[in-house]
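Chemist:
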Amino acid sequence: MNEEMELFRENVKRFIEAEVIPNYEQWEHDEIFPRELWNKLGEQGLLAVDIPETYGGFGTDFLFSMVIQEEFSKANCGAVGGPMAVHSDIVAHYILNCGSEEQKSRYLPQMVSGECVGAVAMTEPGAGSDLQGVRTSAKRDGDDYVINGSKTFITNGQHCDMVIVVARTNLEVSGAKGTTLFMVDTNTPGFQRGRNLEKIGLHASDTSELFFEDVRVPASAILGELDKGFAVLMGELQRERLALAIGAVAAAEGVLADTVEYVKERQVFGGPLADLQNTKFKMAEAATDARIHRSFVEECKRLFMDGELDVATVSMAKFSATEMQGRVADICLQLHGGYGYMREYGVSRAFVDARVQRIYGGSSEIMKELISRSVLA
Ligand SMILES: Cc1cc2nc3c(=O)[nH]c(=O)nc-3n(C[C@H](O)[C@H](O)[C@H](O)COP(=O)(O)OP(=O)(O)OC[C@H]3O[C@@H](n4cnc5c(N)ncnc54)[C@H](O)[C@@H]3O)c2cc1C
């Protein structure tokens, strides 16, 4: 298995080197990578790899999908890796684990090939960390549901062909009890994409507002059960948060490796920057931080594979690894001096891309809230 995984890793690296890195700066400039990249990723077998063969996937385990995340993060290409994770590790798994047979056979093969790009729309202007505040509604009308509302900060918002929408179906009860997920094809009348939002980092990824005005979908578009949308969301959180932690560690390792090269080459006061005690100590601190988190996420991977990764442990991993990524990127940028502040140096991208990791997928504060429940139980 390890040999097979390493061969796969080499394949992913080759794709990144040939197809992603040479174009990345242009995509950052365009504030979006091209739609065709999804098809190329599909052709290379890099989308939703752990979907069973029955639905067009390769039937690998979760760890293969994480190899993809690790390599994109390590290569400082998070603005492609992140959207891929939303598509492959979140949306495809919601469908696989909660979808009807018809939904699985219709969407999953197209998601593996890149013909259908997936997005998930939970966040609204008035509901982020607290999803109980969702106001987008889906009202029953005959055999259909009619969706009205708006979403924001949606990854893949410009490219998506299908979006899983979190909507209130019962306003009489709390959000946790009256929320449903709907699979909405983006060619459905009434669906509209808003602008591609300008971000401080992850420039090559698209993040958008989405609008729903009398969007009519059949009851068969419900993913999972009516009014049980929160159960679907909760059921998949471990995988999402673990993927973020794994990406954070790999990103830290990547920026550290680049900085090792830089400090060895950069000359200051008649010698390499690497020879100064401050550089040695800062690099030692950062490498230790990354190494500790590598051990922790490897343990979490094993727990996940054994079905034993609990909420508190994965929350610790997501919280701590993403905070560590920020610390390491900051140290590395400082060691680059003014060059670190220039966009042409990869460390500046690593720094700005790291920042959002502590916010999405459950912010650090929400992670601490979850951890504290187990600590103080
Ligand atoms: C680049 C990017 C991509 C994204 N992609 C998606 C996507 O694909 N789909 C999607 O649905 N959403 C997406 N999001 C939204 C993201 O999940 C939310 O931004 C996040 O959940 C935080 O919600 P919020 O922005 O409304 O902040 P708020 O919830 O308003 O939080 C503001 C601050 O208050 C803190 N806070 C909130 N509640 C508590 C509490 N109980 N205790 C202590 N502190 C608290 C938060 O930690 C934060 O520091 C994305 C966001 C970004 C920036």
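Plus 9 on top of the position in the sequence shown (first one is 1) and you've got this note's numbering. Quick reminder that beta carbons are idealized off the backbone N, C-alpha and C, glycines included.
Measuring alpha carbon to alpha carbon, tell me which residue in Arg336, Ser217 and Val277 is nearest valine 264.
Modeler: Nearest of Arg336, Ser217 and Val277 to valine 264, Cα basis: Arg336.
Chemist: Do the stretch 143–150 and the stretch 69–82 meet, that is, are 3 or more Cβ pairs less than 8 Å apart?
Modeler: no
Chemist: Mind checking which residues open and close the alpha helix (DSSP H) that includes proline 92?
Modeler: 87–94
Chemist: Return the CA-CA distance between threonine 69 and lysine 186, expressed in angstroms with no decimal places.
Modeler: A straight line joining the alpha-carbon of threonine 69 with that of lysine 186 spans about 34 Å.
Chemist: Going by alpha carbons, who is nearest to glutamine 201 out of Gly87, Val258 and Lys160?
Modeler: Lys160
Chemist: With a threshold of 7 Å, establish whether the CB of threonine 195 neighbours any heavy atom of ligand 1.
Modeler: no
Chemist: Which residues in the same chain as valine 306 place their Cβ atom closer than 7 Å to its Cβ, once the five residues preceding and following it in sequence are excluded?
Modeler: Contacts found: Ala254, Ile255, Val258, Ala326 and Ala330.
Chemist: At a cut-off of 7 Å, is aspartate 362 close to ligand 1 when judged by its beta-carbon and the heavy atoms of the ligand?
Modeler: no
Chemist: Please say whether methionine 120 and leucine 46 have beta carbons closer to each other than 8 Å?
Modeler: For the pair leucine 46 and methionine 120, the CB atoms are not nearer than the 8 Å cut-off.
Chemist: Would you say the stretch 347–364 touches the stretch 81–94, given that touching needs at least three Cβ pairs under 8 Å?
Modeler: yes
Chemist: Using 8 Å as the limit for Cβ to Cβ distance, is threonine 164 near chain C?
Modeler: Absent from the structure is chain C; it holds one protein chain and no more.
Chemist: Nearest by alpha-carbon distance to cysteine 270: which of Arg144, Cys341 and Thr195 is it?
Modeler: Cysteine is not the amino acid found at residue 270; the sequence shown has glutamate there. Nearest C-alpha to glutamate 270: Cys341.
Chemist: Whose CA, out of Gly123, Lys83 and Phe73, lies closest to the CA of histidine 96?
Modeler: Gly123
Chemist: Determine the contact status of valine 272 and leucine 344, defining contact as a CB-CB distance below 8 Å.
Modeler: yes
Chemist: Isoleucine 273 by DSSP, collapsed to three states: which one?
Modeler: According to the sequence shown, residue 273 is lysine rather than isoleucine. DSSP places lysine 273 in helix when its eight states are reduced to three.
Chemist: Could you pull the start and end residues of the alpha helix (DSSP H) that aspartate 284 belongs to?
Modeler: First-last for aspartate 284: undefined, no H or E at that position.
Chemist: To the nearest whole angstrom, what separates the beta carbons of glutamate 111 and serine 229, a pair I think is in contact under 8 Å?
Modeler: 7 Å
Chemist: Could you name each continuous alpha helix (DSSP H) segment of 4 residues or more that falls completely within the stretch 317–352, going from the start of the chain to the end?
Modeler: Counting only runs of 4 or more, we get 320–344.
Chemist: When burial is assigned at 16 or more other CB atoms within 10 Å of the CB, is glutamine 141 buried or exposed?
Modeler: Its Cβ having fewer than 16 others within 10 Å, glutamine 141 is exposed.
Chemist: Is the stretch 348–361 touching the stretch 298–317, taking contact as three or more C-beta pairs under 8 Å?
Modeler: no
Chemist: Check whether the Cβ of methionine 131 lies closer than 7 Å to any heavy atom of ligand 1, and answer yes or no.
Modeler: yes
Chemist: With C-beta atoms as the reference, is proline 92 less than 8 Å away from threonine 164?
Modeler: yes
Chemist: Quick check: what's the CA-CA separation for glutamine 53 versus glutamate 28?
Modeler: Distance between the alpha carbons of glutamine 53 and glutamate 28 is about 11 Å.
Chemist: Roughly how many angstroms separate the alpha carbons of cysteine 125 and aspartate 215, rounded to a whole number?
Modeler: 16 Å
Chemist: According to DSSP, simplified to helix, strand and coil, what is methionine 243?
Modeler: helix
Chemist: Is lysine 327 near ligand 1, with its Cβ less than 7 Å from a heavy atom?
Modeler: no
Chemist: Within 10 angstroms of its Cβ, does isoleucine 156 collect 16 or more other Cβ (buried), or is it exposed?
Modeler: buried
Chemist: If you reduce the DSSP assignment to three classes, tell me which class methionine 120 lands in.
Modeler: helix
Chemist: Closest to glutamate 26 by CA distance: which of Met14, Lys83 and Gly51 is it?
Modeler: Lys83
Chemist: In angstroms with no decimal places, state the Cα-to-Cα distance between glycine 280 and alanine 266.
Modeler: 20 Å
Chemist: Please report the distance separating the alpha-carbon of isoleucine 30 from that of alanine 128.
Modeler: 24 Å
Chemist: Out of Met192, Phe67, Glu245 and Lys291, state which residue places its alpha-carbon closest to the alpha-carbon of histidine 102.
Modeler: If we check each option's Cα against that of histidine 102, Glu245 comes out closest.
Chemist: Report the residue from Asp59, Val226 and Lys310 whose alpha carbon sits nearest the alpha carbon of aspartate 152.
Modeler: Val226
Chemist: Do glycine 158 and phenylalanine 221 have their CB atoms nearer than 8 Å?
Modeler: yes
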